[in-house]
Structures are given as C-alpha cells and as structure tokens.
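Enquirer:
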Amino acid sequence: MKKTLFDKIWEQHIVDTVDGGRNILYIDKHFIHEVTSPQAFAGLEKRGVPLFRKEKIVATADHNVPTLNQHLPIVDPLSRTQVNTLIENCEKFGIELYGLGHQYQGIVHVIGPELGITRPGMTIVCGDSHTSTHGAFGSIAFGIGTSQVEQVMTTQCLLLQKPKRMRITIDGELQNGVLSKDIILYILSKLTASGGTGYFIEYAGSTIRSLSMEARMTICNMSIEMGARGGLIAPDEKTFDYIRGRKFAPQGDKFDEAVAHWKTLFTDEDAEFDKEYHFQAEDIAPMVTYGTNPGMGIKINEAIPAPVDLGNTKSYDKSLEYMNFKTGNSLIGQKVNYVFIGSCTNSRIEDLRLVADFVNGKSKAENTTVWIVPGSKQVQLQAQKEGLDKIFEAAGFELREPGCSACLGMNEDKIPKGEYCISTSNRNFEGRQGPGARTILASPLMAAATAVMGEIVDVRSLL
Amino acid sequence: MEKFTKLNTTAVPLPMEDIDTDQIIPARFLKATTREGFGDNLFRDWRYNQDDSPKDFILNNKTYSGEILVAGKNFGCGSSREHAAWALYDYGFRVVVSSFFADIFKGNALNNGLLPITVSPEFLNDLFLSIEQNPKTDVIVDLEAQRITILDNGKSEDFEIDPYKKMCLINGYDDIDYLISKKDKIEAFEKTQVIF
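In the order they appear, the protein sequences are chains A and B. Here my numbering is used: the first residue of the first sequence is 1, the next is one more, and so on. Here my numbering is used: the first residue of the second sequence is 1001, the next is one more, and so on.
Here's what the structure looks like:
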C-alpha cells in the first residue's frame, strides 16, 4: 500500500483505535505557554491526577510578554499573573521552562526548531494554532485547545479522527522580491480561509525544495489560515543540515541513526491524496491582504476584487468597510503609519537579515513607526552579533525584545484604532492588532519597503 | 462536563461568515487563569464601543434571545483558543448552528458540552428566515435522534455527529476519562517506541 508522509507518521503513533474510527494518537513533544495552559494545570489538580510525562513538555512565556524592558517586572497585572502562574506550575510539576530572562526564551514556534527540539517524524502539539509551523521539519504538528492540553498532560495522547490528506505542489522559480510568505498568501487567496478545513496539507514541488528551512516554516505556519489542521514538508538534506549540532538534537552516531530514519519519511510515489492542487512559482507576485481574513489577498499589482458570492455580500462588505477600502482600489500608494516585523510567521534571523539588507543605507519614512520583534532571545542575540541592530537603528527601526507582540496585541504593542499596519504576522482579523486596527499582511520585504516609503509600494520596483 | 440530550429554545441569528475566534473573544481578554467569566466579553468589540457603551449588535437587541446561536459558514476559524467555546457557553449558549465549522473550534466546543451542529446551507437559510420572521420561534435540538427542528414551520434536518462524541455529550463524559482508562495500552506503546 502506497503511503503519504502524513500516513506514515500518523500510523507510527497510533496507540489504539476506538469504535467509530478515532485513534488514540501518541504525542512526542508538547509545548506550552502562559495563555492556554493555566486551566489545564488547574484541571489536573481538580481531577487529582498526576502529570504523566513531564520530560516531554517544554514551556516558554511569549504571548503576554512586554517587548521592552523584559528585565523589569511585567506592568500589566493580569499578564504578570498569567506569566507567574506558568512559572509556579512549571516549578510544581518539574517542567523545563524558558521564561523571561532565559537565553532560550522566545515564541514557542521559533524556539522549538532553533533548539533542535522539533525533528522529523515527530508528533508535536501546543495550545496554539500556529503549531503547524513545526511541520516544516516533516513532523505532524498541530494546535489544540486547552482541554486537549490537559489530555496530553494526563496521558501523552489525544483522541482524534484522522484528517484527510491534501497535497499542494508548487513548481518553478520565484521572481526576485517574492518570498515564501508570498507563496502562502497566494495559496490562501486561491483556496480561501476555509479551503483546507478537514485536511492535513503536504507542501511539495521544486519551489518548496528550493526554500530554506526558515522559509518553509513560514509556509507551514499559515496552514491553519486555510482551516487545515497542519501542513508538512518531507525532510531532506536541508532539514538534516539545519538540525545538525543544535542544542537538543541527537549528537554523533545518534544523529546518523536519526538521519537514516528520517530518510524514510517521504510520500511514496503514486500515494493517493484526497485533494491536490498545483501552482506555478512564476505566477506568484508580492502579496498583500485587503480584507479581514488571510484568504482575502491580492498580488500587489492587482485591484481589490468584487465579492465571489454576489448573492451574499454582507461579510465582504463588512470587511471592506472595516478596512476602509473599496472594490477596484489598488493598495499601491496607500499611506501606512505602522510597520510590524515579527510573529511566529516571520521573526527568524533570515527575516531580519533580509530586512537589514534592504534598509541598509536607507531610513524609515517620517510617518512610519517600525517595530522589529525578534522571535527569540537567540534571534535577538544573533542579530546583534551580526550588527543588524546597528543597521536598524540607523534606519529608525526599533529592534525590541522577543515575544508575540503586535501579532495579537496581548501586551502593550497595539496598533491604534483606525490606523493601518503592514504586518508580517499571520492574521488580519478585525481588532487582532488592537481594537479598530487595520492589518495588511505581507512579506518582510514588502513591510520594509513600506517602512521606507511611508506608503505601500511594489517592492520589486526598489530592488 | 454537563450532560446534553435535548434542547427547546429560541435562537439568536448572526448571519456573518468566517467569524473567527478573535471576534468571539479578543486576545486581550485571554489573561484569566480560570475557565469562568468569559461570557461578559463574548463578541466584545462587536458588542461594545471602546467606552463600554453598547453597539447595535444582535446580543444587545432584546428581540433575540435563547440558547442557540445561528451563524454563517466557517464559524470559529483562526486561533485555537478554547476561551471561545468557554465564552459562548458562559454567556448561555448550548448549541451553535452553522453550515461549516472550523476544526479546532468544533473540537473545543464538543469538549465543553457546547454542541456544534452542521446543517445544509439551505436549512441554515431557512433558520435565518424563520428567526427573522418570528424571533420567538422555538428550535428543537434532539441529540439522541440527531435532528434539529424549527417549530414554527416544522422544517427539520438530521445532523451528523461522531458516535463517540455523542455518547460523551449524552453522558457528560470527556476524553480524559476515556484516555486515562487506556493507560496500560499507552505505557505498552511507549516501550516499543523510538523517538529520533
């Protein structure tokens, strides 16, 4: 029987099958953070059951944390309580915590890969929908709710219906100025915000193979924005090279043994998918979103399209009204005062290098406020080591401390009401970056270009 | 978890599509460490202005009430925050009806005794129309029979639910009870597993 990569990993983790077809799926690694874990810990205590496998859990504080003065106590009392609750729970249950001030602290989906915790063939969960990021390593990684966080804490397993399988193949060569963020925004614009619901997606094709690990993470990260539970990419030499030598990766002979296993993780030729899509890299341009879900994206040189369903335009109209855009408008020339470069989608060292390379010798426009929020302490230190901080400083870009920041505005980093923000994050939902904030999703290059020009431009014209 | 068998109540219509969990409960209200109290901030930014004065929104309209929320397709997309299910439940909803649910939300709802019912687009439209014509129309949800009925016009539709999840709802069980009962098998599996 020919199998997909997803089938292989899933089957290797089935503990048992229940009537009705649900699988008890074993989870290899569980990441937790301060927002979706407290109720799960409370649940354990209420039931009076122990934590089952503490060594399989890694914790960090990311959603709530300030991105300035992290060495000082958190000012917001509710955020402080939540972060302190995580510290207390980790101490009480003996869980490894990379909290504020720790050299490994950062956004959960950035630190897992950079520490070598995320590896091919694993099942990985976290109470966060962007857990799909880890799929870039050829693992089954997905977000779960807090009740499921508690399930994994008590039994290291989840009770799940196996999702259907989708493959998205992208072949060809990307145009100059087009990044992996544009690939996923392009796919989203074709499949819509619900086009992947019920599926687990494998990304394949020559374009995907040509991408770095960090670029692949950006793609897998936004699988959830199509409603897919997760996305994954078969591991290859790039994957092995990335993992080699990292803190928690297998070392020496163990690493070679691991690579031998990882090399078995691919989709068999002629294996069947429930759904397939093919796209050509040459068709993809720098993308921007114009609406209030990530499926509402256009190429930068396109106009805002009319609604698909002309019989029911209520949601579309509400969305455009919120953004203060009109059908037929172009986004080129749109004045933008806020630029956010960060989030689990685009806050890794390669993103920062790209931005630094672009702005080197330039400065931000007078009207723009530019925040660069690194994905982790390691990314921040690396950026400083390479002198990127100096470039940002000279350009008037503010390099902050790591966290989720303005992606969801749980800390102080909020975009004011009515303001536009070009953002490298993953969601342009109403109010996501602060009540009344208007988010335009784009790549780090498009964000950097907007920061410099003070309005949206086609970055290709500046390269 | 509370048991769920049958419900007979009026319904609240929210005919918007792609309602994401950031709308259901905005991130800035996720700072609690307990499951209770989220109902006050359900649909916060659609319900209230920044000065806390009420907006023109369905939950502020006294004409509509009930324990069923009827919403457009792709309800619950976006973030995995279970707080969305907690907020709906805490507010008093026991059922959400839509023609399409986002996966994670659906799972979270079922784990909290909030029944997500997927109906056909036609039935959803009937439901919106019926409530519009008579906001006091009762809707009957019979989980045992897997059937939803609009009392005014007698229209009904059968709905699907995973048999295991149905059993859980009817008996008030959750997955943890079940998984804990499988500990032996889980430990046996661990002995055979190599993680690279």
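Cβ coordinates follow ideal geometry from the N, Cα and C atoms, glycine included.
#1: Please report whether the beta-carbon of E1082(B) lies at a distance below 9 Å from any beta-carbon of chain A.
#2: Leaving aside the five residues before and after D171(A) along the sequence, list all residues of the same chain whose C-beta is less than 7 Å from its C-beta, in chain order.
#3: Taking only runs of the beta strand (DSSP E) that begin and end inside the segment 65–138 of chain A, which ones reach a length of at least 3 residues, in chain order?
#4: Counting only the same chain and skipping the five closest in sequence on each side, list residues whose C-beta sits under 7 Å from that of N329(A).
#5: Is the shortest distance between the beta-carbon of L1179(B) and the beta-carbons of chain A less than 9 Å?
#6: Go ahead and pull the three-state DSSP assignment for N1060(B).
#7: Would you report the Cα separation of D413(A) and L44(A), rounded to the nearest angstrom?
#8: Pairing CB atoms from the segment 1130–1138 of chain B with CB atoms from the segment 1097–1113 of chain B, are three or more of them under 8 Å?
#9: I want to verify the contact list: residues of chain B whose CB lies under 9 Å from the CB of Y26(A), in sequence order.
#10: Looking only at its own chain, which residues have a Cβ that is under 8 Å from the Cβ of Q148(A), when we skip the five neighbours before and after it?
#11: According to the neighbour-count rule (16 or more other Cβ atoms, all chains shown, within 10 Å of its Cβ), is N1153(B) buried or exposed?
#12: Between P286(A) and R460(A), which are expected to be in contact by the criterion C-beta below 8 Å, what is the C-beta distance as a whole number of angstroms?
#13: Have a look at N293(A), L408(A) and A365(A) and flag the residue whose alpha-carbon is nearest the alpha-carbon of I456(A).
#14: Who are N1008(B)'s beta bridge partners in DSSP?
#15: Using a C-beta to C-beta distance shorter than 7 Å, which residues of chain A count as neighbours of R1028(B)?
#16: Let me see if you follow: with CB-CB separation under 9 Å, is R1047(B) close to chain A or not?
#17: Is the Cβ of F1057(B) closer than 9 Å to any Cβ of chain A?
#18: R438(A) lies in the beta strand (DSSP E); which residues open and close that run?
#19: Spell out a yes or no on whether the segment 335–342 of chain A and the segment 310–318 of chain A are touching, meaning 3 or more CB-CB pairs, one atom from each, closer than 8 Å.
#20: Tell me the DSSP secondary structure of V152(A) in three-state form.
#21: Give every residue of the same chain whose Cβ lies closer than 6 Å to the Cβ of Y1089(B), excluding the five residues on either side of it in the sequence, and list them in chain order.
#22: Using only CA atoms, which one of V178(A), T424(A) and H63(A) lies nearest to D458(A)?
#23: Could you name the residues of chain B that N23(A) contacts, counting a contact when the two beta carbons are closer than 9 Å?
#24: Over what stretch of residues does the beta strand (DSSP E) that includes S1098(B) continue unbroken?
#25: Under a CB-based cut-off of 9 Å, is H30(A) close to chain B?
#26: Looking at F429(A): is its Cβ nearer than 9 Å to the Cβ of Q1023(B)?
#27: Could you tell me which whole alpha helix (DSSP H) segments of length 4 or greater appear in the segment 1095–1179 of chain B?
#28: Assuming Y277(A) and V336(A) form a contact by the criterion Cβ under 8 Å, report the distance between their Cβ atoms to the nearest whole angstrom.
#29: Ordered along the chain, which non-local residues of its own chain (more than five positions away) have a Cβ less than 8 Å from that of R246(A)?
#30: Whole angstroms is fine: what's the gap from L320(A)'s alpha carbon to R22(A)'s?
#31: Taking DSSP as the reference, what is the three-state secondary structure of N23(A)?
#32: To the nearest whole angstrom, what separates the beta carbons of I57(A) and I87(A), a pair I think is in contact under 8 Å?
#33: Kindly confirm or deny that the segment 213–230 of chain A and the segment 189–204 of chain A touch, where touching means at least three C-beta pairs closer than 8 Å.
#34: Run down chain E in chain order and give the residues with a C-beta less than 7 Å from the C-beta of A383(A).
#35: Run through the segment 207–258 of chain A for me and flag every whole alpha helix (DSSP H) of 4 or more residues, listed as ranges in chain order.
#36: Mind listing the chain B neighbours of E88(A)? Cutoff is C-beta to C-beta under 7 Å, in chain order.
Expert: The answer reads as follows:
#1: Sequence index remark: in the second sequence, residue 1082(B) carries index 82 (1-based). So yes, E1082(B) belongs to the interface.
#2: Stepping through the first sequence from its first residue, residue 171(A) is reached at position 171. Once the five neighbours on either side are set aside, the close Cβ partners of D171(A) are G205, S206, T207, Q280 and A281.
#3: 96–98 and 123–126
#4: Along the first sequence, one-based indexing puts residue 329(A) at 329. So the qualifying residues of the chain are A303 and I304.
#5: The sequence position of residue 1179(B) within the second sequence is 179, counting from 1. With 9 Å as the cut-off, L1179(B) counts as an interface residue toward chain A.
#6: Residue 1060(B) sits at position 60 when you count from the first residue of the second sequence. Reduced to three states, the DSSP call for N1060(B) is helix.
#7: Walking along the first sequence from the start, residue 413(A) turns up at place 413. Walking along the first sequence from the start, residue 44(A) turns up at place 44. Those two C-alpha atoms are separated by around 33 Å.
#8: no
#9: Residue numbering aside, residue 26(A) sits at position 26 when the first sequence is read from its first letter. Within chain B, the residues near Y26(A) are I1186, F1189, E1190 and Q1193.
#10: If you number the first sequence from 1, residue 148(A) lands on position 148. Here the set comprises V125, G127 and L158.
#11: For the purposes of this step, residue 1153(B) is taken as the residue at position 153 of the second sequence. Under this definition N1153(B) is an exposed residue.
#12: Along the first sequence, one-based indexing puts residue 286(A) at 286. Along the first sequence, one-based indexing puts residue 460(A) at 460. About 7 Å separates the beta carbon of P286(A) from that of R460(A), a gap short enough to meet the 8 Å contact definition.
#13: What you label residue 456(A) is simply residue 456 of the first sequence in a count that begins at 1. Nearest of N293(A), L408(A) and A365(A) to I456(A), Cα basis: A365(A).
#14: Stepping through the second sequence from its first residue, residue 1008(B) is reached at position 8. DSSP, once it has assigned bridges, lists I1140(B) as partnering N1008(B).
#15: Residue numbering aside, residue 1028(B) sits at position 28 when the second sequence is read from its first letter. Chain A residues near R1028(B): G409 and M410.
#16: Counting from 1 along the second sequence, the entry for residue 1047(B) is found at position 47. R1047(B) does not count as touching chain A.
#17: Position 57 of the second sequence, counted from the start, is the residue given in the question as residue 1057(B). No, F1057(B) lies away from the interface with chain A (no Cβ there is under 9 Å from its Cβ).
#18: Taking the first residue of the first sequence as position 1, residue 438(A) is located at position 438. Element bounds for R438(A): R438 to L441.
#19: no
#20: For the purposes of this step, residue 152(A) is taken as the residue at position 152 of the first sequence. DSSP places V152(A) in helix when its eight states are reduced to three.
#21: Here the question's residue 1089(B) lines up with position 89 in the second sequence. Same-chain partners within the cutoff: N1112 and L1114.
#22: Walking along the first sequence from the start, residue 458(A) turns up at place 458. Answer by Cα proximity: V178(A).
#23: For the purposes of this step, residue 23(A) is taken as residue 23 along the first sequence, with counting starting at 1. Chain B residues near N23(A): none, gap ~11 Å exceeds 9 Å.
#24: The residue given as residue 1098(B) occupies position 98 in the second sequence. Taken as a continuous stretch (DSSP letters only), the beta strand (DSSP E) holding S1098(B) covers V1095 to S1098.
#25: Within the first sequence, numbered from 1, the residue matching residue 30(A) stands at position 30. Judged by the 9 Å Cβ criterion, H30(A) is not in contact with chain B.
#26: As a first step, residue 429(A) is located in the first sequence; it is residue number 429 there, counting from the start. As a first step, residue 1023(B) is located in the second sequence; it is residue number 23 there, counting from the start. Yes, these two residues count as a Cβ contact at 9 Å.
#27: 1103–1110, 1121–1133 and 1163–1171
#28: Start at 1 with the first residue of the first sequence, and residue 277(A) comes out as number 277. Start at 1 with the first residue of the first sequence, and residue 336(A) comes out as number 336. The distance from the Cβ of Y277(A) to that of V336(A) is about 32 Å, inconsistent with a contact at the 8 Å cut-off.
#29: Counted from its first residue, the first sequence places residue 246(A) at position 246. Contacts found: E114, L115 and G116.
#30: Position 320 of the first sequence, counted from the first residue, corresponds to residue 320(A). Position 22 of the first sequence, counted from the first residue, corresponds to residue 22(A). When rounded, the distance between both Cα atoms is 41 Å.
#31: Along the first sequence, read from residue 1 onward, the residue named residue 23(A) stands at position 23. It is a strand residue.
#32: Within the first sequence, the letter at position 57 stands for residue 57(A). Within the first sequence, the letter at position 87 stands for residue 87(A). Not a contact, Cβ separation roughly 14 Å.
#33: yes
#34: No chain E appears in this structure, whose protein chains are A and B.
#35: 213–221 and 237–243
#36: To locate residue 88(A), count along the first sequence from 1; it is residue 88. Within chain B, no residue has its beta carbon less than 7 Å from that of E88(A); the closest one is some 10 Å off.
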